[in-house]
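So the number in my numbering is just where the residue sits in the sequence shown, counting from 1, plus 13.
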Amino acid sequence: MSENNEKLYYACAEHVDYILDDCIYEEETFPEMNKIPEDSLCITCSYCKKDAVYIVGNIHSHT
């Protein structure tokens, strides 16, 4: 059984810079940043609980 330690961050437009800084500090690498589709479920910003616009993090395939 593999362990998944990757963390995803959710960011509104206002806090995306802070979340990028946090991710770089914690993961020690520049993360991927993907825009959340507008028709997706309501996901909130990790900082302020407004609707998130971006998913930030590094997801690596184990294959």
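The beta carbon of each residue, even a glycine, is placed where N, CA and C say it ideally should be. Computed from a prediction, not measured in an experiment: that's the story for all the values here.
Of the residues assessed, P50 falls on the exposed side of the cut-off, its CB having fewer than 16 other CB atoms within 10 angstroms. In this chain, the beta strand (DSSP E) harbouring V69 covers Y67 to G70.
Linking T42 to Y22 through their CA atoms gives a straight-line distance of about 14 Å.
Counting along the chain, the unbroken beta strand (DSSP E) around E45 starts and ends at E45 to K48. Taking each of K48, H28 and S53 in turn and checking the Cα distance to Y60, the smallest one comes out for H28. By the neighbour-count criterion, in which a residue is buried when 16 or more other Cβ atoms sit within 10 angstroms of its Cβ, A24 is buried.
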